[in-house]
Each structure stands twice: as structure tokens, then as C-alpha cells.
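S.K.:
Protein chains: 2
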Amino acid sequence: MLGQMMQQPLLISSLLLHAERHHGSQEVVSRRVEGDIHRCTYAELAARSRRLAKALALLGVAHGQRVGTIAWNGYRHLELYYAVSGSGAVLHTLNPRLHADQLVWITDHAQDQVLCFDQSFLPLVEAVASRLPTVKHFVLMADKSRMPADSKIPGLICYEDLIDSQPNDHFDWPGLDEQTASSLCYTSGTTGHPKGVLYSHRSTVLHTMASALPDALNISARDVVLPVVPMFHVNAWGLPYSACLVGAKLVFPGPALDGKSLHELFETEAVTVSAGVPTVWQGLLAHVAGHGLRFSTMRRTIIGGSACPPAMMTSFEDTHGVQVIHAWGMTELSPIGTVGVLKGHQDMLPLEKRRAIQAKQGRSVFGIDMKIVGENGAELPWNGTASGELLVRGHWVVEQYLQGEQSPLINGWFPTGDVATIDPDGFMNITDRAKDVIKSGGEWIGSIDIENIAMAHPAVAMAACIAARHPKWDERPLLVVVRKPQAEATKDELLAFFDGKIAKWWTPDDVVFVDAIPLGATGKMLKNRLRDLFQDHLLPPA
Amino acid sequence: MLGQMMQQPLLISSLLLHAERHHGSQEVVSRRVEGDIHRCTYAELAARSRRLAKALALLGVAHGQRVGTIAWNGYRHLELYYAVSGSGAVLHTLNPRLHADQLVWITDHAQDQVLCFDQSFLPLVEAVASRLPTVKHFVLMADKSRMPADSKIPGLICYEDLIDSQPNDHFDWPGLDEQTASSLCYTSGTTGHPKGVLYSHRSTVLHTMASALPDALNISARDVVLPVVPMFHVNAWGLPYSACLVGAKLVFPGPALDGKSLHELFETEAVTVSAGVPTVWQGLLAHVAGHGLRFSTMRRTIIGGSACPPAMMTSFEDTHGVQVIHAWGMTELSPIGTVGVLKGHQDMLPLEKRRAIQAKQGRSVFGIDMKIVGENGAELPWNGTASGELLVRGHWVVEQYLQGEQSPLINGWFPTGDVATIDPDGFMNITDRAKDVIKSGGEWIGSIDIENIAMAHPAVAMAACIAARHPKWDERPLLVVVRKPQAEATKDELLAFFDGKIAKWWTPDDVVFVDAIPLGATGKMLKNRLRDLFQDHLLPPA
Chain C
2 MLGQMMQQPL LISSLLLHAE RHHGSQEVVS RRVEGDIHRC TYAELAARSR
52 RLAKALALLG VAHGQRVGTI AWNGYRHLEL YYAVSGSGAV LHTLNPRLHA
102 DQLVWITDHA QDQVLCFDQS FLPLVEAVAS RLPTVKHFVL MADKSRMPAD
152 SKIPGLICYE DLIDSQPNDH FDWPGLDEQT ASSLCYTSGT TGHPKGVLYS
202 HRSTVLHTMA SALPDALNIS ARDVVLPVVP MFHVNAWGLP YSACLVGAKL
252 VFPGPALDGK SLHELFETEA VTVSAGVPTV WQGLLAHVAG HGLRFSTMRR
302 TIIGGSACPP AMMTSFEDTH GVQVIHAWGM TELSPIGTVG VLKGHQDMLP
352 LEKRRAIQAK QGRSVFGIDM KIVGENGAEL PWNGTASGEL LVRGHWVVEQ
402 YLQGEQSPLI NGWFPTGDVA TIDPDGFMNI TDRAKDVIKS GGEWIGSIDI
452 ENIAMAHPAV AMAACIAARH PKWDERPLLV VVRKPQAEAT KDELLAFFDG
502 KIAKWWTPDD VVFVDAIPLG ATGKMLKNRL RDLFQDHLLP PA
Chain Y
2 MLGQMMQQPL LISSLLLHAE RHHGSQEVVS RRVEGDIHRC TYAELAARSR
52 RLAKALALLG VAHGQRVGTI AWNGYRHLEL YYAVSGSGAV LHTLNPRLHA
102 DQLVWITDHA QDQVLCFDQS FLPLVEAVAS RLPTVKHFVL MADKSRMPAD
152 SKIPGLICYE DLIDSQPNDH FDWPGLDEQT ASSLCYTSGT TGHPKGVLYS
202 HRSTVLHTMA SALPDALNIS ARDVVLPVVP MFHVNAWGLP YSACLVGAKL
252 VFPGPALDGK SLHELFETEA VTVSAGVPTV WQGLLAHVAG HGLRFSTMRR
302 TIIGGSACPP AMMTSFEDTH GVQVIHAWGM TELSPIGTVG VLKGHQDMLP
352 LEKRRAIQAK QGRSVFGIDM KIVGENGAEL PWNGTASGEL LVRGHWVVEQ
402 YLQGEQSPLI NGWFPTGDVA TIDPDGFMNI TDRAKDVIKS GGEWIGSIDI
452 ENIAMAHPAV AMAACIAARH PKWDERPLLV VVRKPQAEAT KDELLAFFDG
502 KIAKWWTPDD VVFVDAIPLG ATGKMLKNRL RDLFQDHLLP PA
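From first to last, the protein sequence lines stand for chains C and Y. The opening residue of the first sequence carries number 2 in my numbering; numbering runs sequentially from there. The opening residue of the second sequence carries number 2 in my numbering; numbering runs sequentially from there.
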């Protein structure tokens, strides 16, 4: 027996339609690549998105075809989000920090038909354009006055010409099957080729609804949202969608991600909530501290991508009164899996205990379930100490990679590659990447705990803890350290720093000082490179 | 091209599973019909729900069959919500305030196979049991010790025996099609037979997600939710579902809805948010004022069902610091359509202007669209003054009534029967029921505005404004008034009270004093009865 309620597909175009009809005068403010501040309303943005959808169709973009973007956070990128997905094509956001060869590989793998990019990336695209045979049209997202007189790209199209090519904005978003592919992001794996995650309209809308909930990102029409997290990085954690869902004002920083530019935008636009990875906040907090500035309107900041250092949490919450929301996710999870918002009974705990809970990766939002399993695959208890590989499942979790040959799932669960504990309140804490786990005498040592302690030492700029082969214990932890300029901490000083902070046998066997630790395109340490260099460091000379 | 994300149906059982796994130790507290306070956790409640699901299957309840309930808000009712819907049967909540004949008619129309009811309703059910041929099993929701020695109902089953009949709670909720019917509510129409609205798992879960959003009911794991609105009234506005979605503590008042009992429970259980119709709050506020009490933990109250009187809003917000969230919905909308949470720019307005906005029915939550149309069916502008019939559509709006012969929809939109304005910010304001509109000389007069003014007169206990036939103007407003005890306001005094508050030609032509105005089962004035009595009041004697 079926229910007798209206049948409507869950579509990305519905998000924009809702914003247009119910929050039409709400603003979208962008710092442009051109340098100035651009302002428009959701109603205007929706009208331009419809023109763009019609223009893309005339360029030959058909249902299911991929349109690539290489762009900062801005209104044009947002128009592409809705115009491409809304009309049944697939938005493929490319990370401009990738190596040119990787860009070529990904564009070819995705079979992008059109590539839209900001002026900042014109040299990058010009350099590779001839190696992108699938791309039939290159679109420069710039004012007409900014079009280069003589580009190396033949037939380079001006984005504003596309919009203007349409005599009007009359267009009805098609009533797609909600399982239709909507957008595509590649994981920036530290090994092997990138893998494409193909989101659907349904998975995106459900993720959007869940992500705006009070215990997730908690977004409302009274919020002014500035996503520092790039729109080329897992759809800026869904904020371009959730802002429309609730009618929040959106503020886009464009390419200006330095502390000064960000703080200026926070203050002039009365931003209430922001989101980004720890490294961006480091620059912002340093600028604010260095100039004796405050945040007048910021109330919350969402920190994810990698763990939020405790000092950053203290600075935001105690110095600035800005609540830190610690979130964890993955490209394969659209990306939100867990959010570290306290439960009621935890709100009463002393500050130190609350901070310890907030430092964890958080608890599941509705729509995501998780479990930790031991090496035999059996589920482990949620006692806060048992640690095992983290598996997740839910409405917005990948089932299969694009052109993937075999499913990544294990009995319907996605293995995250993280090793974690879960406490009785459901707060998950990542202790390691499965491939980074150090197995010493049959017991696991979590490299992240060791790195966090090392990072707290005043002389340490960056630290990585890796497994080094050991004649007796099989593997032992080795600490790789980049010292701050002028800092002169010795190996013994650093190792002594672990005393009392960690089990004695977790203390690294040695410290290696290096000038730099290699980072991937999203800023993560490439520990496999370090292992290649130092895995035999503890072995006796051959 | 389809997305490649996991396929999981949106199921009501997932809400309970989420609460069990991620908020297992969260409490559900109930004041029982037995009189005592009962406490359990979501983990315990989920285990009992699984036992109940198995027991109902053994009673012969098959997929799609209806299980009726006549019950107060309590943990057993919540177990039935999940056990019945979760296992693929349909939960049919009956309103105990209906006349016995209506109960019989509805039970027969729904073809209920099992009827579960609280001890309070044993006499009611005993009186009609022989007239309910479809009901194969009657279940008394009571402790074993409370079972009557000798009931007029043969084979009366004890609810706790059903639970205990299962040796364990091992049971996997079935993986249903998300379009499966989950629950059934009848509208208590003021004319004609009641109509059944058959919700689906999908419509319910989407409604649940949207209703918990910050700009809707704003429910989190830090909330303690006390639904005063009955679980037999449109699923208590979805709170039994949304509390599980977010892991909020639930507090059920059982049958004790008087001000003293409610206030006691608010304080002892540290309730943060409640929900109900204005009449309940009137009793509570009177009790609180009469005894000089306060609300220590209450932060928000959701008021719907009928418009919140301005004086009530003032009392909650100014005297008690409790935010009033004005919501509008219908059984046909699951029920939430609009919520009166201010937008950012409105937050800055002076108190008086904010109150005027809050007095409206509110703006659409994502998932519901609305429009107002004129008599020719054309959409009217959102200017706050144009008024027309309100139509809605969305994921949780009825498509067809149970066994309905023809669709109630007009071009895919559901006509609400309300007449409303919508302002440029999307705030909808109901000015009348379409059938209550007074058409004077071709122009509409809104009866609700007139009633609100009359209700503000100190001598008026209740007021209804109806259309009376008129020889010249076709129809003119007639005010029907119940005076407060000892109050002696005259017709002329009352009519003078309208001076300056309303257009002169909207002032009623006459006032009729009555002892009582007839109310329907959900407390709404039956204005059609008044029209039967007084529609010729303004005509010259025949």
C-alpha cells in the first residue's frame, strides 16, 4: 500500500527556486577576480542561471555531459552550480592546485565537454588546452572588458557573452529523475590516480537538508555565510546549496584568502558563519592578533579538512567568542559525516572536558551511520578506547567511483581508510589513517596523537610521524620535523616533550629534521613520500 | 546518466535506528495515564518497539494494514508509531474527542484491524466496540495490573503482554519502498465526512528533516521537547519523529494538560521547547500568572492550529522570555507549511513591527511552495495586500484522499481553503477561510481581522464574524459574541470599538450575543452552524 502524497523529485534546481521565490531579495556578495565587490540578489542570480542554462544547451551540452570549472568562490561559479546541474548536465569542479598533468588526466577521465575558468587560471588553461581533446568550448568567467585580445585558446568564449546571448530568462528547470547525476568531484588520493565521485540530485539535496540542521552547520536565513572552503573542494562542503535552502546571505571571497582580505569582508558584510580548513584560519587569526582586531559579527566557524589544533579552538572560542564547529567528512561523503556539536548533558561539563569532546571529529548527522571494525571485520564497541577502521553508510555516501571497476564497499559499508574510536555518546575520534598506522609488536600506535603533541612544541612548524621498519618490533614510530625559523630544539628536547603526555612505548624512537614536508593538493601531508625516504632509518646499516 | 551514490530508502524506522545508535542513552519521559512518571531511553524504547513489531505481526497485521490508536502522548504511543509504520503497516491515530458515531465511521472507512487505546478511553471503546467489525484485536495500553477483570470487550489484550510475548528483541526493520504508506490521519472537516490523508515514509522523513531546521522548529540534541499537541493530531506536528532525528529528550504529558501539571513537568524535566494550540497555552499562562511562577528552562514555544492571539505572544516573550514560533499547517501538509521565524533584516526592526510580522502565519520551509490566486486562478503578487486563495505544493502535501474519488488538486497545487496575503519577504497571512469570506458589494471582507479586534475587547470571551445576507450588499458582516461572565458590553460599545482599527465599511452591521459558540473536535469554531442560525438576521422580516 503506497502513501498518497505528492510526488516531487529532490532536485538541485528546487534549492535555487526556493531561494528565488522565498528569499528573492537576499544578497549574494562576491569579491571578484577583477578586484571589486559584486552584489546581486538570489532573484537576479536565478535569472542569470536560467540564461546560462539555455546558453549551455546551445553550446551542445546534453543531459549527463560534464562541464568543468576551475574557479574561485564567486557568483559566476554559483550560477554554474545551478545552471549545469539544474539542466541535467554534470558540474565537474577541478582543483586548480593540481599539477597540470593531473588536470589533463582528470579532464580526460571525466570527458569534460566545456571548461569554464576564472581569469586567474587563464595561463594554466592555456598551457594545457591543446592536451584536452574532449573539451569543445573554453569559457573565461570574466567581464567582456577583461577578455584577452589574443589568447592561445582558439574560440575562447566570454562568460558574459553566453549570458547575454539569451534574449530573456524564460526557462523551466527540467523535471529530472532525482537519481540523475548532478556533480563530480575527484578525490585527491595521495597514491594512484584520482577517483571520481559522482553525486546525484537526491544525494545532494538530502545532504543539504541534513547539513543545515541545528546540530550540523546550523544555517538559517539570519546567517551571513562566507565559505572560505573552495567551491572546487567537495562543493564547499555544500554551503552553496544550504545557503539557498535556508535563504542565507552568501559572501564569496574570490581569490583573496589572506587574513587581511578575509577579515575585511567578515566585517563589512557582517558575516556570522564561515567554514574552512585549519591553515586558512591560521593566517586569519595571525592577522587579527597582529593588528589588535576583533570579529564583530562572527558567531560560528566550521573547521574541517583536517583536525583543528587545540590552540586554534581556544583562540576562536576564548579570545573571540566564536564557536568552533569541528566537522569531519570526505569527498566520498558529499562531504559531511560527523559534526562535533555537544549534546545537552555535555554542555554542563567543565571547559576542559568540553574541549576534549570538541577536539574529536564529532557525531553522525541523521542520514549517516558509522561503525568501527577490528581486523576480522567484527564491529567494535563504542567505549572511546577500542579503535578500528571506520566504515560509513548513508544517503550521500559513494556507492561506486566513476568508471570504477569494482565497488569500494564492504557489505554495503564504505571503508573510510581512517582508524577511529567512538565513545558512548557517539563521538568519533580519528586516531590514524589506516595506511599510516604504526604497528609495533602487534599493537597499534596512532600517528596523529604523536603529531599533535609534537606540533604543540614551540620550536615545531610541522611534524609527521611515520612507521619505520624495526628489527625487533616490526615497526616503530619515527618523527619527521620541520623546525620554525631560528628555532633550535634538539632531538632529545623534542622526545622529552612527550614525557607524561603519551604512553612511554608510543614515544618515537628517533627524530629526523627536514626542511619541508611534501603536501598534496588539498594541503595534506604526503606521508607515503616520507616513508619512501625514511622507512629504513631505524634499521642497522646494511 | 545516474549518480553513483548509495541507494537507501527514506524510512521511518531509520529515525528510530538513528536515535538508538547515536543517542541511545537519551531519555523519553512520560506522565502516564496510571499517574506516575515513566522514564526510559531511546535504546530501551527501540528494543520494545521491535518486540511490539514482532507481536503485531503474530496478531496478523500485514503490510499495509491499519492499526488504530486512541491515546495520549506517551512512550507506548511512541512505540506504536515506530513498530507499526516501521514494519510496513499503517498507523492510524484517532482523535478521542470525536463523537462516537464519527469514530465508528472513521474506523470502518480506514478498515482498522487492530485498535490500541489508553485506559482513559476504555469506556469510549467499550461503548462502540460492537460497531467496529473490521477490528479483530483490541489492545489496552496499560500495565497488566490495570487490566479490567471483566471488560465488555471479549479477548481484550494487554499491551504489556504483547511486548512480553516476544522472547527477545531481535528484529531487523524491513527495507521498504519509501513510498509505502506509513500513517493515516483524518481531517476533522466542519462539514461532510472526514477525509483520510495517507502519509508515506518518504513524505514523513522529508517533513521531519525540514521541520527540525533552524528556521522551522529548530530542534537539536540539546533540546528537551514536550509536545502538548496530541499525537492523535497530525502526528503531534511531527515532533515524535524530529526528536528521534536529532536525539532530543522527549517529555510526554499524558492526559494531564492542565496548567499546573504542565508547568510542573516543564520545570522538573527542564523542558526547552514545547508546542501546542493557543487554548492550551491560555490555561498554562493563567496558572503561571496566578501563582507567580516562571519558566526556568523554556526557550521556545511553537504555536499553531489557530492564530496566536497577540496578548499571548506578548506574555510569552516579554514576561517570560520564551520565544514564540508561530507556525501554520494542515493535516494535508503533514502538517507544517510555514513558520514565522524572522529573517535577518527583520531582526533589526522595532518591537512593534517585529510583532506584526510574527503575528502572520510565516514563510515556507524548504520543500513547500505556495501561491495565492485570484478568482480567475491567476497568481497574485506578493505585496502583503493582495489577498486570494492559498495553494500549496511540496514533498509532504496530499495528492489524493484515502479512497477519494477525485483529486483535490488544481493543476498540481493543493487548495488550502484559506484566503491569504503574502508579503515581499514571503510571509503569508491568513485573512479568512475561503468559505467564511464575506462578500459585500463584490468586495471581500476578512472575518479573522474582525474577530481579532473583537477578541481584544475586555468584555469579549469569544467572537465569530459571519456573512449575513443583505438586501443591498448581498452579504454584510455580523458579529456573534460570547461575553465574559459579569461583562455587560452593549452592541453599540462593541461596534464603537472598531473605530479607527478597521476600514469603516468592514465594521459589522450588528452584534448578536450568544451563550456559547459551537466548537469542532480540534477546538475550531463551527461558523457554518452560526450561519445556519443567523444568516437571515439582517434581512427585513418576511
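Every residue, glycine too, gets a C-beta built ideally from N, C-alpha and C.
For the beta strand (DSSP E) that I467/C lies in, which residues bound it at each end?
M.R.: One-based indexing of the first sequence puts residue 467/C at position 466. From DSSP, the beta strand (DSSP E) with I467/C extends over 461-471.
S.K.: So A387/C packs on I373/C, CB below 8 Å; how close in whole Å?
M.R.: Translated into positions along the first sequence, residue 387/C becomes position 386. Translated into positions along the first sequence, residue 373/C becomes position 372. The Cβ separation is near 7 Å, so the contact holds.
S.K.: Check whether the Cβ of G395/C sits closer than 6 Å to any heavy atom of the ligand HEM, and report yes or no.
M.R.: Judged by which ligands are present, the structure shown has none, so any question about the ligand HEM falls away.
S.K.: Could you tell me the boundaries of the beta strand (DSSP E) in which G330/Y lies?
M.R.: One-based indexing of the second sequence puts residue 330/Y at position 329. Where G330/Y is concerned, the enclosing beta strand (DSSP E) stretches over 324-330.
S.K.: Kindly give me the distance between the Cβ atoms of I158/C and L133/C, rounded to whole angstroms, as I take these residues to be in contact under 8 Å.
M.R.: Walking along the first sequence from the start, residue 158/C turns up at place 157. Walking along the first sequence from the start, residue 133/C turns up at place 132. Rounded, the Cβ-Cβ distance is 15 Å, inconsistent with contact.
S.K.: Hey, how far is the Cα of V247/C from the Cα of L125/C?
M.R.: To locate residue 247/C, count along the first sequence from 1; it is residue 246. To locate residue 125/C, count along the first sequence from 1; it is residue 124. Answer to the nearest angstrom: the Cα atoms are 36 Å apart.
S.K.: Tell me which same chain residues have a C-beta within less than 7 Å of the C-beta of D170/C, skipping the five on either side of it?
M.R.: Start at 1 with the first residue of the first sequence, and residue 170/C comes out as number 169. Excluding positions up to five away in sequence, the list reads A48, R51, R52.
S.K.: Does the segment 217-234 of chain Y come within contact of the segment 87-96 of chain Y, defined as at least 3 CB pairs closer than 8 Å?
M.R.: yes
S.K.: What residue range does the alpha helix (DSSP H) around Y187/C cover?
M.R.: Along the first sequence, one-based indexing puts residue 187/C at 186. No alpha helix (DSSP H) holds Y187/C; the beta strand (DSSP E) holding it covers 182-188.
S.K.: Name, please, each residue of chain Y whose Cβ falls closer than 9 Å to the Cβ of V399/C.
M.R.: Residue 399/C sits at position 398 when you count from the first residue of the first sequence. Those within 9 Å of V399/C in chain Y are Q5, M6, M7.
S.K.: With a CB to CB cut of under 6 Å and the five nearest residues on each side skipped, what residues in its chain are close to Q401/C?
M.R.: Position 400 of the first sequence holds residue 401/C. The residues are S408.
S.K.: Just how far apart, CA to CA, sit R203/Y and L177/Y?
M.R.: In the second sequence, the residue the question calls residue 203/Y occupies position 202. In the second sequence, the residue the question calls residue 177/Y occupies position 176. Each residue's alpha carbon lies about 10 Å from the other.
S.K.: Taking W445/Y as part of the beta strand (DSSP E), name the residues at either end of that continuous run.
M.R.: Start at 1 with the first residue of the second sequence, and residue 445/Y comes out as number 444. It spans 444-446 - the beta strand (DSSP E) in which W445/Y sits, taken as one unbroken run.
S.K.: Taking Cβ positions, are L207/C and W73/C nearer each other than 7 Å?
M.R.: For this step, residue 207/C is matched to residue 206 along the first sequence. For this step, residue 73/C is matched to residue 72 along the first sequence. Not in contact: L207/C and W73/C (Cβ atoms no closer than 7 Å).
S.K.: Just the Cα atoms here: how many angstroms apart are N453/C and C466/C?
M.R.: Residue numbering aside, residue 453/C sits at position 452 when the first sequence is read from its first letter. Residue numbering aside, residue 466/C sits at position 465 when the first sequence is read from its first letter. Roughly 10 Å separates the two Cα atoms.
S.K.: Can you pull the chain C neighbours of D330/Y, defined as C-beta to C-beta under 8 Å?
M.R.: Looking up residue 330/Y in the second sequence gives position 329. The question names Asp, but residue 330/Y in the sequence shown is Gly. The premise fails here: G330/Y is roughly 14 Å from chain C at the closest Cβ pair, so nothing lies under 8 Å.
S.K.: Just reading off the beta strand (DSSP E) that C117/Y is part of, what are its end residues?
M.R.: Translated into the one-based positions of the second sequence, residue 117/Y becomes position 116. C117/Y -> beta strand (DSSP E) spans 113-119.
S.K.: Give the single residue among T508/Y, D511/Y, D510/Y, L531/Y whose Cα lies nearest to the Cα of A517/Y.
M.R.: Position 516 of the second sequence, counted from the start, is the residue given in the question as residue 517/Y. Cα-wise, what sits closest to A517/Y is L531/Y.
S.K.: With 16 other CB atoms within 10 Å as the buried threshold, where does K250/C fall?
M.R.: Residue 250/C sits at position 249 when you count from the first residue of the first sequence. Buried.
S.K.: Would the segment 99-115 of chain Y and the segment 264-279 of chain Y be scored as touching if the rule is three or more Cβ pairs under 8 Å?
M.R.: no
S.K.: What span of residues does the alpha helix (DSSP H) with Y43/C cover, start to end?
M.R.: Position 42 of the first sequence, counted from the start, is the residue given in the question as residue 43/C. Element bounds for Y43/C: 43-59.
S.K.: Kindly list, in the order they appear in chain C, the residues whose Cβ is closer than 8 Å to that of Y200/Y.
M.R.: By 1-based counting over the second sequence, the position of residue 200/Y is 199. Per Cβ cutoff of 8 Å: G4, M6.
S.K.: Is the shortest distance between the beta-carbon of R223/Y and the beta-carbons of chain C less than 7 Å?
M.R.: Position 222 of the second sequence holds residue 223/Y. Answer yes: the Cβ-Cβ gap between R223/Y and chain C drops below 7 Å somewhere.
S.K.: Quickly, what does DSSP pair L479/Y with across the bridge? List them, please.
M.R.: By one-based count along the second sequence, residue 479/Y stands at place 478. L479/Y is bridged to I467/Y, D511/Y.
S.K.: Give the DSSP bridge partners of R530/C, in chain order.
M.R.: Taking the first residue of the first sequence as position 1, residue 530/C is located at position 529. Paired residues: none, contrary to the question.
S.K.: Which residues, in chain order, does the segment 240-260 of chain Y contribute to contact with chain C at a C-beta distance below 9 Å?
M.R.: C245, L246, V247, G248, A249, K250
S.K.: Taking C-beta to C-beta, are G75/Y and S31/Y nearer than 7 Å?
M.R.: Mapped onto the second sequence, residue 75/Y falls at position 74. Mapped onto the second sequence, residue 31/Y falls at position 30. Yes, Cβ-Cβ distance for G75/Y and S31/Y is below 7 Å.
S.K.: Check whether the Cβ of K344/Y lies closer than 7 Å to any Cβ atom in chain C.
M.R.: What you label residue 344/Y is simply residue 343 of the second sequence in a count that begins at 1. Residue-level contact check: K344/Y touches chain C, since one or more beta carbons of chain C fall below 7 Å from its beta carbon.
S.K.: If you compare alpha carbons, which of G156/Y, P459/Y, L480/Y is closest to G447/Y?
M.R.: Residue 447/Y sits at position 446 when you count from the first residue of the second sequence. Looking at the Cα atoms, L480/Y is the closest of the given residues.
S.K.: Three Cβ pairs or more, each shorter than 8 Å: is that satisfied between the segment 338-354 of chain Y and the segment 414-429 of chain Y?
M.R.: yes
S.K.: Strictly below 9 Å CB to CB, what residues from chain C border T181/Y?
M.R.: Taking the first residue of the second sequence as 1, we reach residue 181/Y at position 180. M2, L3, G4, listed in chain order.
S.K.: If we ignore side chains and look at the alpha-carbon of each, how far apart do G395/C and G368/C end up?
M.R.: In the first sequence, the residue the question calls residue 395/C occupies position 394. In the first sequence, the residue the question calls residue 368/C occupies position 367. Computed Cα separation, rounded: 5 Å.
S.K.: CA-CA distance, Q112/Y and V62/Y?
M.R.: Your numbering for residue 112/Y matches position 111 in the second sequence. Your numbering for residue 62/Y matches position 61 in the second sequence. About 12 Å.
S.K.: To which residues of the same chain is H100/Y closer than 7 Å at the C-beta, ignoring the five residues directly before and after it?
M.R.: Position 99 of the second sequence, counting from 1, holds the residue named residue 100/Y. Closer than 7 Å at the Cβ level, and outside the excluded window around H100/Y, lies no residue.
S.K.: Select from M463/C, R364/C, T298/C the residue whose C-alpha is nearest the C-alpha of D424/C.
M.R.: On the first sequence, position 423 is the one that residue 424/C refers to. Ranked by how close their Cα comes to the Cα of D424/C, the residues M463/C, R364/C, T298/C have R364/C in first place.
S.K.: Quick check on S15/Y: buried or exposed, where buried means 16 or more other Cβ atoms within 10 Å of its Cβ?
M.R.: For the purposes of this step, residue 15/Y is taken as the residue at position 14 of the second sequence. It is buried - the Cβ of S15/Y has at least 16 other Cβ atoms within 10 Å.
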